[in-house]
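Trainee: FYI, the numbering for the sequence shown is -24 to -1, 1 to 375, going by mature numbering (1 follows the signal peptide of the UniProt record, and there is no 0).
Every residue gets a Cβ at the ideal spot worked out from N, C-alpha and C, and that includes glycine.
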Amino acid sequence: MRNWLRISGLTSALMAVSAMPLYAAEKAMTTETAHYAYVGTYNPNGEGVYRFKVDAKSGALSDKVLVSKLPNQAQMVVGHGGKTLYIGSEVDNYNGGKHGSVAAYHINPEDGSLSLINQVDSQGAGPVYLSLTPSGDRLLVANYISGIVAAFPIDGSGKLGDASSVHQDEGPAGAGKPAAAAEGSFAISDHNGPHAHMIATDPSGKYVFSTDLGLDRIYQWKLNSSNGQLEANSPAFINASSAGAGPRHFVFHPNGDVVFLVNEEASVLTSYHFDKATGTLTQLHSLSTLPPNFKGTNFAAGIVLSKDGKHLYVANRLHNSIAQITVTGSGEMRWADEFWTRGDYPRTLTLSADGKFVYALNQRSDNITRFKVESGSGKLIFVDDYTAVGSPSQMVMVP
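Written as structure tokens, this is what we have:
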């Protein structure tokens, strides 16, 4: 579901836990322990991309500075060992045309400021997801509005070249109502044509997968390393786990054998076996991201996997919670717990590099909330510290 689709609703508080107060976290922050976080936002509440300092011990965010006024930033990804930041502008009128754009920025290690390297046409409208190949020499882009995926070469300076591959998703629109959604759900959006939502490689970089929410498909690609072409695998796509499910984002388990994918409209998590020889997926299990007795409308969103690969966290919009799902390397999943985000409409989740903190970017309440990950159990403990930022969409961290 896109930023411009508004559905009202708030759930009541699930729990309230206090932790380190903000003043203590700020006092503990030093130049030696701090690194940077970049937060992209949607206009008009957000002005562009903000840089924060992050305390390595407490995870606290401070010293907010606007570093780019790129409109409607959808996603970012860090390349070149933390030297380059790639930002997608989720618009459909770049340079007076009908596409969005992707910009490459050099990161100043002294203060985290950004300097533009170059900006290119994203080859479609609404670039909503960016990812890099493992080698870092290609940028992959999913354009949501137009349902187009593209690949771009990257040179040694971080500069983006002309697209090496562009593909338009085509096919019949998916079912209007998600068959596997909770009773009473009206989670119906954008099943009116192609809407590419994510694109990323497998850990080897040989294969690529892209999701299309509007067509209820997961596309399977081979990446030609010599020319950067996305070549259709066999089969070229598989259908979503259920009619109208709306495939959104996915993550690979650390063992590389299993993929966990969240379906936005159905609020269902599905696991797949990944065949490393053929680069194809086979469905394993499905599980709701909502508590067992929930009834009504919800849109599942961001997804992150704990460092040990045992706990999966999923953002639930409207329910305003983070679901904790216990997972295994064989694709098994079990509902574990839920945590109130302390905000409205959590669009994405970010896991700190050390795996000790989870951040919820609450788009409609204009704030970011932070949770400490409890060692062993993986449970989330709310840190009583809100970070104000207008319509946050995504956050990445740079050492």
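Cutting at 7 Å between CB atoms, please list the residues of its own chain near residue 181, excluding the five before and the five after it.
Mentor: 109, 110, 111, 199
Trainee: Which runs of the beta strand (DSSP E) spanning at least 3 residues fall entirely within the stretch 306 to 372, listed in chain order?
Mentor: Listed in chain order, they are 309 to 316, 322 to 327, 333 to 338, 343 to 349, 356 to 364.
Trainee: For residue 23, which residues from the same chain have a beta carbon less than 8 Å from its beta carbon, with the 5 sequence-adjacent residues on both sides left out?
Mentor: 17, 42, 45, 366
Trainee: Which residue wins for smallest C-alpha separation from residue 356, given the options 317, 197, 368?
Mentor: Measuring from the Cα of residue 356, the nearest candidate turns out to be 317.
Trainee: Quick check: residue 341 and residue 319, are their CB atoms within less than 7 Å of each other?
Mentor: Contact flag set, yes.
Trainee: Going by DSSP in three states, residue 54 sits in which element: helix, strand or coil?
Mentor: strand
Trainee: Need the endpoints of the beta strand (DSSP E) that residue 105 sits in, please.
Mentor: 103 to 108
Trainee: How would you write the range of the beta strand (DSSP E) that residue 63 sits in, first residue to last?
Mentor: 60 to 65
Trainee: Any idea if residue 146 is buried or exposed, counting beta-carbon neighbours within 10 angstroms, 16 or more meaning buried?
Mentor: exposed
Trainee: At the level of alpha carbons, what is the spacing between residue 301 and residue 313?
Mentor: 7 Å
Trainee: Pull the bridge partners of residue 185 from the DSSP assignment, please.
Mentor: Note: residue 185 sits in a beta bridge opposite 176, 196.
Trainee: Exposed or buried, residue 92, counting other C-beta atoms within 10 Å across all chains shown (16 or more means buried)?
Mentor: Residue 92 comes out exposed.
Trainee: Contact between the stretch 212 to 229 and the stretch 182 to 199: three or more CB pairs below 8 Å?
Mentor: Counting Cβ pairs under 8 Å, three or more are found: they touch.
Trainee: Would you call residue 156 buried or exposed, if buried means 16 or more other Cβ atoms sit within 10 Å of its Cβ?
Mentor: buried
Trainee: Going by C-alpha to C-alpha distance, which of 287, 71, 84, 49 sits closest to residue 57?
Mentor: Closest by alpha carbon: 84.
Trainee: Is the stretch 173 to 187 in contact with the stretch 284 to 295, if contact means three or more CB pairs nearer than 8 Å?
Mentor: no
Trainee: Under the DSSP definition of a beta bridge, which residues are partnered with residue 124?
Mentor: 119, 144
Trainee: Taking DSSP as the reference, what is the three-state secondary structure of residue 14?
Mentor: Three-state result, residue 14: strand.
Trainee: Considering just the uninterrupted stretch of the beta strand (DSSP E) at residue 215, what are its terminal residues?
Mentor: Start and end: 206 to 215.
Trainee: Could you tell me how far apart the beta carbons of residue 97 and residue 70 are, in whole angstroms, since I believe they sit closer than 8 Å?
Mentor: 6 Å
Trainee: Any Cβ of chain D within less than 7 Å of the Cβ of residue 149?
Mentor: You won't find chain D in this structure, because it holds only one protein chain.
Trainee: Kindly list the residues whose CB is nearer than 8 Å to the CB of residue 347, restricted to its own chain and excluding five residues on each side of it in sequence; keep chain order.
Mentor: 298, 315, 333, 334, 335, 336, 356, 357, 358, 359
Trainee: Take residue 64 and list the residues in its own chain whose beta-carbon comes closer than 6 Å to its own, dropping the five residues that flank it on each side.
Mentor: Answer for residue 64: 50, 51, 78, 103, 106, listed in chain order.
Trainee: Closest to residue 274 by CA distance: which of 76, 184, 221 is it?
Mentor: 221
Trainee: So residue 323 and residue 369 are in contact, right, with Cβ under 8 Å, and what is the actual spacing, rounded?
Mentor: Sure, about 6 Å apart at Cβ, within 8 Å.
Trainee: From this set, 331, 362, 20, 339, which residue's C-alpha is nearest residue 350's C-alpha?
Mentor: 331
Trainee: Apart from the five residues on each side of it in sequence, which residues of its chain come closer than 6 Å, Cβ to Cβ, to residue 170?
Mentor: Result list for residue 170: 123, 145, 188, 190, 191, in chain order.
Trainee: Using three-state DSSP, classify residue 71 as helix, strand or coil.
Mentor: helix
Trainee: Starting from the Cα of residue 21, find the closest Cα among 223, 13, 255, 338 and give me that residue.
Mentor: 338
Trainee: Based on DSSP bridge pairs, tell me the residues matched to residue 224.
Mentor: According to DSSP, which records beta bridges pairwise, residue 224 is partnered with nothing at all.
Trainee: Give the secondary structure of residue 5 by DSSP, where H, G and I count as helix, E and B as strand, and everything else as coil.
Mentor: For residue 5, the predicted structure reports a pLDDT of 37, less than 50, and the residue's modelled location is therefore unreliable. A value from the coordinates is still provided. In the structure shown, residue 5 sits in coil (DSSP, three-state: anything other than H, G, I, E or B).
Trainee: Reducing DSSP to helix, strand and coil, say where residue 250 ends up.
Mentor: strand
Trainee: State buried or exposed for residue 310, treating a residue as buried only when at least 16 other CB atoms are found within 10 Å of its CB.
Mentor: exposed
Trainee: Which same chain residues end up closer than 7 Å to residue 1 when comparing Cβ atoms and leaving out the 5 residues on each side of it in sequence?
Mentor: Note that residue 1 scores 37 on pLDDT, short of 50, meaning its location in the model is unreliable; the coordinates nonetheless yield the value given after this. Excluding sequence neighbours, residue 1 sits near 31, 34, 36, 361.
Trainee: Can you give me the start and stop residues for the beta strand (DSSP E) that residue 29 sits inside?
Mentor: 25 to 31
Trainee: Residue 328: buried (16+ other C-beta within 10 angstroms of its C-beta) or exposed?
Mentor: buried
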